[in-house]
Amino acid sequence: MIILILYLLAVVLFGSWIGGRQKDLSDYLLGGKTLPWWAILGSIVATETSTVTFLSVPGIAFAPGGNLQFLQLPLGYIVGRFLVILFLLPLYFRGEIYSAYEVFKNRFGGTTERVSSLTFIVMRTLADGLRLYLTALVLEKVVGIPLPLCVVVIGIGTIIYTCMGGMKSVVWNDCLQFVIYIAGAVFAFAVIINDLPEGWSSYQQYAAANQKFTMF
30 MIILILYLLA VVLFGSWIGG RQKDLSDYLL GGKTLPWWAI LGSIVATETS TVTFLSVPGI
90 AFAPGGNLQF LQLPLGYIVG RFLVILFLLP LYFRGEIYSA YEVFKNRFGG TTERVSSLTF
150 IVMRTLADGL RLYLTALVLE KVVGIPLPLC VVVIGIGTII YTCMGGMKSV VWNDCLQFVI
210 YIAGAVFAFA VIINDLPEGW SSYQQYAAAN QKFTMF
């Protein structure tokens, strides 16, 4: 529990420290356009995988009939990223544009901007509510504190470092958490393989017999 508390405090303090180095709106919303590509990549991957992916996808793959078909979605993400790089990102750097909704407004008018932003807010509220709940559920099981308190603590901590640190805080905190959860996944996988009677061979035999390696 002490480790988790220290980690949450470190995340908040790091976000606050990043926020103290901002000078204008461009720094807050766009990171001053100085963030390295690998940090942005890590932030995107960490955001898209989230708690839902990290907790549910292994269960879906392990369940009867489950396999690697979920990986079709990340492959689609790769195609989408190239389209964004080729057609959308240049629009951001042609002028002082801070969000995709400004692009919608300039190209299609204010109604499109408002409808798209409202749709995004509703969808993100529902999706992030689920992610927050699942994260709090894990914290409740590990630490043993009430679920509502876990939700409040995680929510407040996230709001503080996001509001105070802006985009730079979000990106660098995402990178940190990306490294942590990948390390945790590798460690968990190693422990599971080690506990199998014949180690990696047992895993391969089970996966092959149940078509777990099927992707398409």
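Each residue of the sequence shown is one higher than the last, beginning at 30 in our numbering.
For every residue, glycine included, the Cβ atom is placed at its ideal position computed from N, Cα and C.
These numbers were taken from a predicted model, which means no experiment stands behind them.
Is it buried or exposed for residue i, if we count other Cβ within 10 angstroms and need 16 for buried?
i: Lys62; result: exposed
i: Val208; result: exposed
i: Val151; result: exposed
i: Thr140; result: exposed
i: Ala165; result: buried
i: Val167; result: exposed
i: Cys179; result: buried
i: Cys204; result: buried
i: Asn202; result: buried
i: Gly20; result: Since the first and last residues shown for the chain are 30 and 245, residue 20 lies out of range.
i: Tyr106; result: exposed
i: Ile17; result: This structure gives no information on residue 17, because the portion of the chain shown stretches from 30 to 245.
Checking 7 Å against the spacing of the C-beta atoms, do residue i and residue j come in under that value?
i: Val132; j: Leu120; result: yes
i: Asn96; j: Gln240; result: yes
i: Ala236; j: Phe242; result: yes
i: Gly186; j: Val41; result: yes
i: Leu163; j: Thr80; result: yes
i: Val200; j: Leu33; result: no
i: Glu142; j: Tyr127; result: no
i: Glu169; j: Leu176; result: yes
i: Val108; j: Phe99; result: no
Which of helix, strand or coil does DSSP assign to residue i?
i: Tyr127; result: coil
i: Gly158; result: helix
i: Glu227; result: coil
i: Thr243; result: coil
Using a Cβ-Cβ distance cut-off of 7 Å, determine whether residue i contacts chain D.
i: Ile73; result: Any reference to chain D falls outside this structure, which holds one protein chain only.
* Does the region 216-227 come within contact of the region 60-79, defined as at least 3 CB pairs closer than 8 Å? -> no
* Stretch pair the region 165-183 + the region 196-206: three plus CB contacts closer than 8 Å -> Touching, no.
* To do: Run through the region 60-126 for me and flag every whole alpha helix (DSSP H) of 4 or more residues, listed as ranges in chain order.
  => 66-91, 101-112 and 118-122
* To do: Go through the region 133-203 residue by residue and report every complete run of the alpha helix (DSSP H) that reaches 4 residues or more, in order.
  => Qualifying alpha helix (DSSP H) stretches, in chain order: 139-172.
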